[in-house]
Structure formats: structure tokens, C-alpha cells
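What follows is one structure encoded as C-alpha cells, with my remarks underneath.
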Amino acid sequence: MVSRPNELSKQGRSYSRVWREFIIDHGKNSSLLYCFYEGIDDPKYYNPRIKSITFKNKDCSFHYYSCEGKQNVISVFNLITSDGRFKNARIAFFVDRDFDNIDDLPLDNRVYITPCYSIENHYATQSMVEQILRDEFQIFEGSDDYQNTISLFKALINAFNDATDELNSWLYLQRQIEKKRGESSTVHINNLSNSQLFSISLREVKKKYTIDSLERDFPQAPRIS
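Mapping of the sequence shown onto the numbering used here: position 109 corresponds to residue 145, and the numbering continues sequentially without gaps.
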């Protein structure tokens, strides 16, 4: 059994807030599906899919929480599944795979793990751009606008991948060091704006960061040769 007071004090306010709210909400209505997300923007992606796939766009009897981080989602999952009071609770958890090995995450059918780094990867694809052109702008294959847009997307996504290569390598190694030391992550790249890291236009994508600048922005991060 998890020691709740000790675990809650380690994880912080958002962890305890979600746990407390779930206990209260489940006590009022145990028949709902309770969903737990990492961030405040995740419902925009997952909620429509839950409504259409799980509830077939009919009665949507579910409630959700933003847990402010993957580890908080996993910690709440561990608390709920280890508490006999919620043995029959209808629960679902959603986390990004990030740089984690799949075996390091909860392998449970109540936990959805993205097949790629994060849900944003589902939007940054050529097929998604093609769908937007067709469905939103009625621009179809064969037209100059369609071909020019797809050509531009391909060029810029390749440029963006090149510009992020060193950043992703540095972040990946930071995660590996944290795991080896058994430490929580102290490097949150979301604390930096895109404009601090890249120069982006419809003509090009250039990186503005260096390893030295990343070390200055995250002085607590281990130095990597």
C-alpha cells in the first residue's frame, strides 16, 4: 500500500489536488468514467475521441482532470489502483511516451501511451495538412495551391527536424541521467518559448540555441560533453 502522506508531500500540490478531487467526485458518482491527463491542453485532443469512440456521441458520462505532468498521472494511477475502494472504478489515464522506454511506463489497459513522442506529433504530418486543405479550404490535389503547400510543408518539417536534432539529443541524455540517478526531471523545455529556441518563418527554420545556452537556461542540469 502506498504511504499517502509521504507520497503527497513529495509530489506537490497538483498531485494531492487531483487525488483529493477524485475521491470526492467518485464518492458522489461512481458510475462516471474518470480520465486523467498530463496537461491543460490534452482534453482538446482526447475529449472528442472519448465522446465519439467510447460513448458514440451519445450520453457522455465522464469527468477529467489535468494532473500537471506525466509523473503526477502515473502517481495518481498507482494510488487509485492500489486502493481497494476503487477496485471497480471506471478510470482511464493518458500519457505521452516522450523519451521513455515503454517498459518503464504502466502497462495496463487503463493507461493510454502515445505511440510517438506526444499527441502533437499526430498534427505535424503531411496527411493532416492534406486533410485541412481538403476539408477546411476546399483545396484539392492537382491544384497549384495544393502542390505548393505540400512542398513547403515538406521542406519546413525537414528543416525543423534538423534544427531540433541537437536539442532532442541533449534532452534525451538528460532523461537517461535522471533515470539512472532516480531523480525527478528538473529540465522542462516548455519553460522556454519557441522564439528563444528557433527562428521560424515560411522561408526557413533556424536554431537559435546552443548546448552552452541550454546549460545557462538550465544550470541545474548535468553537463554533457
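No residue lacks a Cβ here, since even glycine has one placed at the ideal position from N, Cα and C.
All values reported here derive from a predicted model rather than from experimental measurement.
- Inter-residue distance for lysine 92 and proline 84 is about 10 Å (C-alpha atoms, whole angstroms).
- For phenylalanine 173, the enclosing alpha helix (DSSP H) stretches over residues 162-173.
- Considered as a whole, the stretch 175-247 harbours 234-236, 241-243 as its complete beta strand (DSSP E) runs of no fewer than 3 residues, in chain order.
- Classified as exposed, alanine 160 has fewer than 16 neighbouring CB atoms from the shown chains inside 10 Å of its CB.
- Bounds of any alpha helix (DSSP H) do not take in isoleucine 149; it lies within the beta strand (DSSP E) bounded by 147-149.
- Segment contact: the stretch 223-238 against the stretch 171-187, fewer than three CB-CB distances shorter than 8 Å; contact not assigned.
- In the DSSP annotation of this structure, the continuous segment of the alpha helix (DSSP H) that includes phenylalanine 113 starts and ends at 106-117.
- In terms of Cα proximity to arginine 217, the closest of Ala257, Leu68, Thr185 is Ala257.
- DSSP links cysteine 71 through a beta bridge to Tyr100, Ala128.
- In the same chain as phenylalanine 122, and ignoring 5 residues on each side of it, the C-beta atoms closer than 6 Å to its own belong to Ile116, in chain order.
- Per DSSP, the unbroken alpha helix (DSSP H) holding arginine 85 starts and ends at 78-85.
- Here DSSP, grouped into helix, strand and coil, assigns aspartate 95 to coil.
- Histidine 62 sits buried, since 16 or more C-beta atoms from the chains shown fall within 10 Å of its C-beta.
- A straight line joining the alpha-carbon of tyrosine 82 with that of aspartate 132 spans about 12 Å.
- Within the same chain, Cβ atoms closer than 7 Å to the Cβ of leucine 192 are found at Val241, the five residues on either side in sequence being excluded.
- Distance from glutamate 74 to cysteine 103 at the Cβ level is roughly 6 Å; contact confirmed, criterion being Cβ atoms closer than 8 Å.
- Proximity to tyrosine 153 across Asn204, Ser231, Arg170, Arg53 peaks at Asn204, based on C-alpha coordinates.
- Taking 8 Å as the cut-off, the beta carbon of phenylalanine 129 is found no closer than this to the beta carbon of tyrosine 101.
- Put simply, the backbone Cα of leucine 233 is about 35 Å away from that of tryptophan 55.
- In this structure, serine 97 places its C-beta atom within 8 Å of the C-beta atom of leucine 69.
- With a contact defined as Cβ atoms closer than 8 Å, aspartate 134 and lysine 94 miss out at about 34 Å.
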